[in-house]
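Colleague:
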Amino acid sequence: MPVRPLLVVLVALALPATACSSGRQAASSFGSPPASTAPSAPRGVVTVAEAKAVFDQWEKAEKEADRQGGTDWTAAEAGLAAEISTVQRKISKMLGESSQKPWKAAVKPRFAIPGKVSGAPWFMVEYGRKGASGWWQAILQKTSAGWRAIAMSVTTSKSRPPAAARDENGLATAVAPDDGDALIASPRQIAQAHARLQSTFGQDRRARQMFTANSPARLNGDAGATDRKALQGQWTMTVRSQPTPEIYALRTSAGGALVWYGIRQQSTMTARPGTSSTVGVSERVAAALSHGNRFAHKAVFKDAGIYLAVVPKSPGIVHVPGEWFTQISITGS
148 MPVRPLLVVL
158 VALALPATAC
168 SSGRQAASSF
178 GSPPASTAPS
188 APRGVVTVAE
198 AKAVFDQWEK
208 AEKEADRQGG
218 TDWTAAEAGL
228 AAEISTVQRK
238 ISKMLGESSQ
248 KPWKAAVKPR
258 FAIPGKVSGA
268 PWFMVEYGRK
278 GASGWWQAIL
288 QKTSAGWRAI
298 AMSVTTSKSR
308 PPAAARDENG
318 LATAVAPDDG
328 DALIASPRQI
338 AQAHARLQST
348 FGQDRRARQM
358 FTANSPARLN
368 GDAGATDRKA
378 LQGQWTMTVR
388 SQPTPEIYAL
398 RTSAGGALVW
408 YGIRQQSTMT
418 ARPGTSSTVG
428 VSERVAAALS
438 HGNRFAHKAV
448 FKDAGIYLAV
458 VPKSPGIVHV
468 PGEWFTQISI
478 TGS
């Protein structure tokens, strides 16, 4: 897992180039899976046939939007997922990179469909991409505009997450954000602990003990501490890290959980009185976002990420195999 410094900003894990169609036809067709006959056994938030139809329509919306340049993701994604995709495509254009890459079709999808969830219906699909290694996970949720991806992650074949547990009817079990039964902490507490590690530069001991050493939660917090030290007391650095309200979790067959959550972060560097040093970034992505400027008084870095946490049954600690992260903006004076 690559370390992400705050001053040398990297897109730690870019999903395959995906986008969405801005046309009304793609948006409307994506929101209407075919009707199906109600099964005799208890059904989930959708049937398997409906989930497959939603997934196929979503994949078409992603491909079409990619073809159109990725300037509008609203027909395929929503919330933080759409924001990250949009910013990543914007960065590619700023760097003069081709925004459209050869499309790799999704293959071997497997679905985890909860029997019930709180709020709007959602389910998880894990799939591969033809000719590519690794596994993709997407949370698809029914919104007012239709079904959209609201969280995504990528894992390698070696770190492929455990399968979601299924009952005798083949249905998965959603874990409520505040349900910590048999886990080291609830999904919401895990997201909050991750954010605290970033805000405290890795110094929150209780939160630190919750994650494995190679998880982004700890690595990014430690990277922030390194950046703060590099300022050599001439600048004051503060980090405000906050989980997004949306949290999605599924119980695994071993009694643990898979948890998807987002985090927004703002890092602010303020020059101390009398300092003569300036703050700048040389890494190509950060340099593009800052337009090559150096800041003499204040610098503000904004970023966001979506994370997949693999939580073993208690007392096992949390591993985060996937970080879909992007720097959003760099401003200052």
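For the sequence shown, our numbering assigns the number 148 to the initial residue and increments by one for each residue that follows.
For each residue, glycine too, the CB sits at the ideal point set by N, CA and C.
#1: By the DSSP assignment, the alpha helix (DSSP H) with Trp-205 in it spans what residues?
#2: Quick test of the definition: if touching needs 3 or more C-beta pairs under 8 Å, does the region 395 to 415 touch the region 259 to 276?
#3: Applying the 10 Å Cβ sphere with the 16-neighbour rule, what's the burial state of Arg-295?
#4: Measure the alpha-carbon distance for Asn-458 versus Gln-474 and round it to whole angstroms.
#5: Go ahead and pull the three-state DSSP assignment for Pro-468.
#6: Looking at Arg-257 and Glu-273, is the spacing between their C-beta atoms short of 7 Å?
#7: Under the assumption that Gly-469 contacts Ser-300 (Cβ atoms under 8 Å), give the Cβ distance between them as a whole number of angstroms.
#8: Pick out whichever of Ala-354, Trp-282, Gly-278 has its Cα sitting closest to the Cα of Ala-332.
#9: Please classify Ala-456 as buried or exposed, where buried requires at least 16 other C-beta atoms within 10 Å of its C-beta.
#10: What did DSSP end up calling Ser-300 once you bin it into helix, strand or coil?
#11: Closest by CA to Ala-323, which one among Arg-375, Tyr-408, Thr-194?
#12: Which runs of the beta strand (DSSP E), 3 residues or longer, sit entirely within the region 240 to 304?
#13: In terms of residues, what are the limits of the alpha helix (DSSP H) holding Arg-353?
#14: Count the other C-beta atoms from every protein chain shown that fall within 10 angstroms of the C-beta of Gln-356, then say buried if there are 16 or more, exposed otherwise.
#15: Ordered along the chain, which non-local residues of its own chain (more than five positions away) have a Cβ less than 7 Å from that of Ser-476?
#16: With DSSP run on the structure shown, which of helix, strand or coil describes Thr-478?
#17: Of the choices Val-193, Ala-292, Ala-285, Ala-253, whose alpha-carbon is the least far from that of Gly-275?
#18: Could you check if Gly-421 is buried or exposed, using at least 16 other CB atoms within 10 Å of its CB as the buried criterion?
Modeller: Checking against the coordinates, here is how it stands:
#1: Walking along the sequence shown from the start, residue 205 turns up at place 58. Its alpha helix (DSSP H) spans residues 195 to 214.
#2: Yes: the two stretches touch, three or more of their Cβ pairs being nearer than 8 Å.
#3: Taking the sequence shown and counting its residues from 1, the one referred to as residue 295 is at position 148. Buried, since its Cβ has 16 or more Cβ neighbours within 10 Å.
#4: For the purposes of this step, residue 458 is taken as residue 311 along the sequence shown, with counting starting at 1. For the purposes of this step, residue 474 is taken as residue 327 along the sequence shown, with counting starting at 1. As written in the sequence, residue 458 is Val, which differs from the Asn given in the question. Straight across, the Cα-Cα distance linking Val-458 with Gln-474 is about 27 Å.
#5: Numbered from 1 along the sequence shown, position 321 holds the residue referred to as residue 468. Strand, per DSSP.
#6: Position 126 of the sequence shown, counted from the first residue, corresponds to residue 273. Position 110 of the sequence shown, counted from the first residue, corresponds to residue 257. Yes, the Cβ-Cβ distance between Glu-273 and Arg-257 is below 7 Å.
#7: As a position in the sequence shown, residue 469 is number 322, starting the count at 1. As a position in the sequence shown, residue 300 is number 153, starting the count at 1. At roughly 4 Å, the Cβ-Cβ gap stays under 8 Å, so Gly-469 and Ser-300 are in contact.
#8: Position 185 of the sequence shown holds residue 332. Ranking Ala-354, Trp-282, Gly-278 by CA distance to the CA of Ala-332 puts Ala-354 first.
#9: Stepping through the sequence shown from its first residue, residue 456 is reached at position 309. Buried, because 16 or more other Cβ atoms sit within 10 Å of the Cβ of Ala-456.
#10: Taking the sequence shown and counting its residues from 1, one reaches residue 300 at position 153. It is a strand residue.
#11: Taking the first residue of the sequence shown as position 1, residue 323 is located at position 176. If you compare the alpha carbons of Arg-375, Tyr-408, Thr-194 with that of Ala-323, the shortest gap goes to Tyr-408.
#12: Runs found: 253 to 259, 269 to 276, 282 to 290, 293 to 302.
#13: Counted from its first residue, the sequence shown places residue 353 at position 206. 352 to 355 is the extent of the alpha helix (DSSP H) around Arg-353.
#14: In the sequence shown, counting from the first residue as 1, residue 356 sits at position 209. Exposed is the call here.
#15: Within the sequence shown, numbered from 1, the residue matching residue 476 stands at position 329. The residues are Leu-436, Lys-449.
#16: On the sequence shown, residue 478 is found 331 positions in, with the first residue counted as 1. Three-state result, Thr-478: strand.
#17: Position 128 of the sequence shown holds residue 275. From the listed residues Val-193, Ala-292, Ala-285, Ala-253, the smallest Cα separation to Gly-275 is found for Ala-253.
#18: What you label residue 421 is simply residue 274 of the sequence shown in a count that begins at 1. Gly-421 is exposed by the Cβ-count criterion.
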